[in-house]
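Once you know that position 141 of the sequence shown is 141 in this note's numbering, the rest is easy, because the numbers rise by one and skip nothing. C-beta atoms are modelled at their ideal positions from N, C-alpha and C, and glycine is treated no differently. All of these numbers come straight from a predicted model, not from anything done at the bench. Below is one structure, written out as structure tokens, with a few remarks after it.
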Amino acid sequence: MKRLLLILLASSIVTCVGLHEESRNVQSEVIESKNLSIVILYDNNPYKEGLKTGWGFSCLIKAKKTILFDTGGDGTILLENMEKLGINPEEIDIVVLSHIHGDHVGGLKSILERNGKVVVYLPKSFPQSFKEYVKRYARVVEVHEPTEICEGIYSTGELGWWIKEQALIVNTDKGLIVITGCAHPGIVKIVKTAKDLLGNNVLLVMGGFHLFNKSNDEILKIVSDFKELGVRYVAPCHCSGDTAGELFRSEYGENFISAGVGKIIDINHLR
């Protein structure tokens, strides 16, 4: 498994030179936006008529490899939505799990029963019993440090100290796409980490921002931080909250992407 970044521990300090050199190396591996789309399969927000909602999140990244990011909370709902969207579980190459909460891993069993050929990337901090269960069906890759999952697609590595979580980074010819499950370590921290690791501009941040319990002022500060970081598009989902959605929409205007179950984001259409 390739490492995205050479971590040199000296009194728990990461050597900046190593980060800079690795970032230069990684930038050559990009995905052409014309060959990339993202479909939201599971969310508590509706978008396309006829699909079921549920508390949780899952999306499918279609590139050279087909990657399922999180599995929602209910495998039956996940599979039903996939069928209605014309997506065959057997086409999935890789499953990436952001964190251990049931609304993100609850649908995994249903996927594994339909496709035992997938490789499952999960945080190293997951309970051993969970890892052993998954290994009955599929190959498991434990992620701790930033990791290249496949060409142009990376994990941030485990972030946070209480609820450890990994986010997904897609390096495209238009910039980075950062996909989060619940952003428990902090959505701004995740975006900064992605930008530092890849050294590229941020095209889109999507997924759960975990802002449903934040005040207007706190959310507006995060919106401001996004702007300073150069985030061009946002698509808040799941635990982001209605208030955050309204404030991001107000600030981002036409660069706000309304998300929900069945939403297809064609990256080639983003400027």
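Going by beta carbon distance, what residues of the same chain come within less than 7 Å of residue i, once the five residues before and after it are set aside?
{"i": "H144", "result": "K124, G157, E158"}
{"i": "F248", "result": "V223, V234, P236, F256"}
{"i": "K221", "result": "none"}
{"i": "K189", "result": "L159"}
{"i": "K192", "result": "L229"}
{"i": "K84", "result": "G50, L51"}
{"i": "V105", "result": "T71, L97"}
Just verifying my parser: in three-state terms, what is the DSSP assignment at residue i?
{"i": "A244", "result": "helix"}
{"i": "D74", "result": "coil"}
{"i": "S79", "result": "With the sequence shown as reference, residue 79 is identified as Leu, and Ser is not the correct amino acid for it. Looking at L79 - three-state DSSP - the assignment turns out to be helix."}
{"i": "V188", "result": "helix"}
{"i": "P127", "result": "coil"}
{"i": "P236", "result": "strand"}
{"i": "V105", "result": "helix"}
{"i": "E251", "result": "helix"}
{"i": "S215", "result": "coil"}
{"i": "N44", "result": "coil"}
{"i": "V120", "result": "strand"}
{"i": "S33", "result": "helix"}
Just mark residue i as buried or exposed, buried being the case when its beta carbon has 16 or more other beta carbons within 10 Å.
{"i": "V26", "result": "At V26 the pLDDT is 49, less than 50, meaning the model places this residue with poor confidence; the figure from the coordinates comes in the next sentence. Classification for V26: buried."}
{"i": "G116", "result": "exposed"}
{"i": "Q128", "result": "exposed"}
{"i": "S58", "result": "buried"}
{"i": "L9", "result": "Note on L9: pLDDT 30, under 50, position unreliable in the model; the coordinate value appears next. That one is exposed."}
{"i": "N81", "result": "buried"}
{"i": "S240", "result": "buried"}
{"i": "D103", "result": "buried"}
{"i": "S250", "result": "exposed"}
{"i": "G277", "result": "Since the first residue shown for the chain is 1 and the last is 271, residue 277 is missing from the structure and cannot be characterised."}
{"i": "N200", "result": "buried"}
{"i": "K227", "result": "exposed"}
Apart from the five residues just before and just after residue i, which ones in its own chain have a Cβ nearer than 6 Å to its Cβ?
{"i": "I100", "result": "F126"}
{"i": "I77", "result": "K52, G54"}
{"i": "R139", "result": "V119"}
{"i": "L122", "result": "L97"}
{"i": "L68", "result": "L60, I92, V95"}
Thinking C-beta only, is residue j closer than 8 Å to residue i?
{"i": "R72", "j": "G50", "result": "What sits at residue 72 in the sequence shown is Gly, not Arg. No, these two residues do not count as a Cβ contact at 8 Å."}
{"i": "D74", "j": "H238", "result": "no"}
{"i": "G152", "j": "I31", "result": "yes"}
{"i": "G181", "j": "G207", "result": "yes"}
{"i": "I177", "j": "L198", "result": "no"}
{"i": "E90", "j": "R114", "result": "yes"}
{"i": "E165", "j": "P185", "result": "yes"}
Could you give the C-beta distance for residue i and residue j, rounded to a whole number, given that I count them as a contact under 8 Å?
{"i": "V205", "j": "G175", "result": "Their Cβ separation, rounded to whole angstroms, is 11 Å, which puts V205 and G175 out of contact at 8 Å."}
{"i": "D70", "j": "S37", "result": "Actually they are not in contact, since the Cβ atoms of D70 and S37 sit about 17 Å apart, beyond 8 Å."}
{"i": "S155", "j": "V95", "result": "Not a contact, Cβ separation roughly 12 Å."}
{"i": "I219", "j": "T243", "result": "6 Å"}
{"i": "I179", "j": "H210", "result": "With a Cβ gap of about 14 Å, I179 and H210 do not count as contacting."}
{"i": "I92", "j": "I111", "result": "7 Å"}
{"i": "N45", "j": "A259", "result": "7 Å"}
{"i": "C150", "j": "K65", "result": "5 Å"}
For residue i, which residues from the same chain have a beta carbon less than 8 Å from its beta carbon, with the 5 sequence-adjacent residues on both sides left out?
{"i": "L270", "result": "S33, K174, L203, L204, R232, Y233"}
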